[in-house]
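The next block holds one structure in the form of structure tokens; read it before the comments.
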Amino acid sequence: MSNGVASLRSELTLPDGVAYLNWASQGIIPNGSLDAMMSLLRLRGRTDVDIAEREFEGADRARSLAARLIGASAAEICLTTSTSVGLNIAAQAIPFKPADEVLLLDAEFPANVVPWRNLERRGVKVRTVSVAGGFPSPELLDAQVGPRTKAISVSFVQFHDGFRNDLAAIGSICRKRGIYFVVDAMQGLGVCPCRVKEIDAHFVATGGTKWLVSPYGTGFCYIRQDILDRINWLPAQGWLAFEYLGHDFSRIINVERRLMPGARRFEVGTLPWHDFAGFDASLKLLLEVGVEAIYAHVARLYDRLAEGLSTIDGVTVKSCLERPARSGILSFSVSDAAGLCEFLLSKGVFISHREGAIRVAIHGFNNEEDIDRLLAATESFGKAEG
265 MSNGVASLRS ELTLPDGVAY LNWASQGIIP NGSLDAMMSL LRLRGRTDVD
315 IAEREFEGAD RARSLAARLI GASAAEICLT TSTSVGLNIA AQAIPFKPAD
365 EVLLLDAEFP ANVVPWRNLE RRGVKVRTVS VAGGFPSPEL LDAQVGPRTK
415 AISVSFVQFH DGFRNDLAAI GSICRKRGIY FVVDAMQGLG VCPCRVKEID
465 AHFVATGGTK WLVSPYGTGF CYIRQDILDR INWLPAQGWL AFEYLGHDFS
515 RIINVERRLM PGARRFEVGT LPWHDFAGFD ASLKLLLEVG VEAIYAHVAR
565 LYDRLAEGLS TIDGVTVKSC LERPARSGIL SFSVSDAAGL CEFLLSKGVF
615 ISHREGAIRV AIHGFNNEED IDRLLAATES FGKAEG
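All residue numbers for the sequence shown refer to the numbering used here, where the first residue is 265 and numbers rise by one.
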């Protein structure tokens with residue numbers, strides 16, 4: 265149980281001398297979340313315990329916690345196993361007609377491209393909006409909206425440079441234009457505050473494996489309540505999309521089934537319950553500390569990193585440093601980014617090499633020593649190269 269951002273680090277098992285700054289690639293699962301997963305798995309290994317009810321209750325908790333995270337209702341949460349599943353739900357549910365189009369930015373992660381490209385078989389046009397080497401803007405997207413534009417899908421935070429899109433402004437454009445607004449929130453939720461009612465999104469999809477510090481096989485899709493009855497059914501539908509007799513399955517043959525009233529109708533089948541036990545524990549931890557507090561802490565470390573990089577010769581920051589556009593990701597380039605990446609890893613500094621730059625991902629679990637270790641190693645590499 266954490267008492268604030270300062271104690272978050274104690275929730276992890278990190279070796280001494282390690283600066284983990286790779287949350288945008290993979291989050292570290294907190295010890296309490298691992299314990300929750302193993303506890304449920306151990307019960308699965310016993311014959312004297314029926315844990316089905318406990319597993320369904322865990323899924324209910326997961327929906328409630330996900331809803332709290334984004335300011336939604338639990339009825340608007342569909343549990344998924346990844347961001348891709350959520351984005352596919354959005355792509356298949358929106359009632360596209362042939363020649364309708366969806367707008368994407370040209371630097372989206374493939375998870376927010378492939379589900380839309382798949383619609384081209386049905387005659388839907390996918391149009392990418394170029395930022396011409398700069399950063400996206402709501403005005404840029406607005407200028408590209410045409411008479412057949414049916415949806416806009418963007419990332420909350422761009423995966424490679426950490427640019428945080430102005431979701432409220434884009435949502436306003438979509439509302440005024442009468443088009444669907446879809447958000448890939450994978451690189452933002454857990455570190456950047458997000459209230460879905462303030463951004464007018466119709467769908468928000470995320471996975472748990474990065475900033476939500478949860479196991480693989482966890483995630484959720486927010487589906488706004490007022491669109492549930494005017495969007496398409498999915499090609500696949502599962503028995504858990506219907507209400508039976510609560511969680512009592514003693515009689516399920518020839519029992520009247522009622523469609524789930526909320527987003528749960530899009531859950532196709534049984535979920536990895538033990539993974540969601542970890543998801544529950546991780547979200548509880550983040551919500552207890554507060555995403556606003558986490559972001560304030562990250563912003564201070566971000567300042568420290570940006571200021572430090574500005575003093576190192578040969579470093580060019582690739583991220584937008586305007587405060588509204590900042591997230592937990594800062595990317596910078598050097599003449600040999602691949603070499604620096606390898607060098608940093610050898611020094612116990614975990615980062616990623618993305619799109620020709622070093623991607624640094626800062627979370628509430630990090631501290632000033634992590635930033636200083638990265639800066640010192642980067643400066644040392646530059647001097648050795650020089």
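We put the CB at the ideal spot given by N, CA and C, even for glycine.
Alpha carbons only, please: which of Val-390, Arg-308 and Ala-326 is nearest the one belonging to Ser-546? Between Ser-546 and the set Val-390, Arg-308 and Ala-326, the nearest pair of CA atoms involves Ala-326.
In terms of DSSP beta bridges, what is Leu-343 paired with? Residue pairing by DSSP puts Leu-343 in a beta bridge opposite Phe-484.
Go ahead and label Val-282 buried or exposed: buried means 16 or more other beta carbons lie within 10 angstroms of its beta carbon, across all protein chains shown. Val-282 comes out exposed.
What are the partner residues of Val-562, as DSSP defines its beta bridges? The partner list for Val-562 (beta bridge, DSSP) is empty, contrary to what the question assumes.
Report yes if the CB atom of Ser-419 is closer than 9 Å to the CB atom of Val-447, and no otherwise. In terms of Cβ geometry, Ser-419 and Val-447 form a close pair [threshold 9 Å].
Which residues in the same chain have their Cβ closer than 6 Å to the Cβ of Tyr-284, if we skip the five residues on either side of it in sequence? Result list for Tyr-284: Phe-614, in chain order.
Best match in Glu-384, Cys-485 and Ala-375 for proximity to Val-366 [C-alpha to C-alpha]: Closest option to Val-366, Cα to Cα, is Glu-384.
Would you mind giving the Cβ-Cβ distance between Ala-625 and Ile-593, rounded to the nearest angstrom? I have them listed as a contact below 8 Å. 5 Å between Cβ atoms; contact.
Which residue or residues does DSSP assign as beta-bridge partners of Ile-416? Partner(s): Leu-367 and Phe-445.
CA nearest to the CA of Gly-296, picked from Thr-470, Cys-605 and Leu-549: Ranking the options by Cα distance to Gly-296, first place goes to Leu-549.
What do you get for Asn-238, buried or exposed, if any count of 16 or more other CB atoms within 10 angstroms of its CB means buried? Given that the chain is displayed from residue 265 to residue 650, the structure contains no residue 238 and the question cannot be resolved.
Strictly by DSSP, which residues pair up with Lys-389? Under DSSP, Lys-389 takes part in a beta bridge, and its partners are Glu-365.
Which value, in whole angstroms, describes the spacing of the CA atoms of Leu-604 and Arg-522? If you take the alpha carbons of Leu-604 and Arg-522, they lie about 57 Å apart.
Could you tell me if Ser-271 is buried or exposed, where buried requires 16 or more neighbouring beta carbons within 10 angstroms of its beta carbon? Looking at its Cβ environment, which holds fewer than 16 other Cβ atoms inside 10 Å, Ser-271 is exposed.
Phe-645 by DSSP, collapsed to three states: which one? Here DSSP, grouped into helix, strand and coil, assigns Phe-645 to helix.
Out of curiosity, what's the CA-to-CA distance linking Asp-280 and Arg-623? Near 22 Å, if we compare the C-alpha coordinates of Arg-623 and Asp-280.
Please go through the same chain and pick out, in chain order, the residues whose beta-carbon is closer than 6 Å to the beta-carbon of Val-378, but skip the five residues on each side of it. Excluding residues within five positions, none has a Cβ falling inside 6 Å.
Inspect the beta-carbon positions of Ser-388 and Asp-370 and report whether they are closer than 9 Å. Reading off the sequence, residue 388 comes out as Val, not Ser. In this structure, Asp-370 does not lie closer than 9 Å to Val-388 by Cβ.
Looking only at DSSP bridge pairs, what is Phe-506 linked to? Partner(s): Leu-523.
Nearest-angstrom beta carbon gap, Thr-345 and Thr-482 [assumed within contact, 8 Å]: The Cβ separation is near 7 Å, so the contact holds.
For Leu-594, which residues does DSSP report across the bridge? In the DSSP assignment, Leu-594 forms a beta bridge with Val-624.
Under the DSSP definition of a beta bridge, which residues are partnered with Arg-587? Arg-587 pairs with nothing; no bridge assigned.
Closer than 8 Å is the cut-off here; do at least three beta carbon pairs connect the segment 607-621 with the segment 434-450? No contact exists between the segment 607-621 and the segment 434-450.
At least three beta-carbon pairs within less than 8 Å, the segment 311-323 to the segment 461-477: Short answer: they don't touch.
Taking the C-alpha atoms as reference points, what is the distance between Arg-568 and Leu-535? One Cα belongs to Arg-568, the other to Leu-535, and the distance between them is close to 41 Å.
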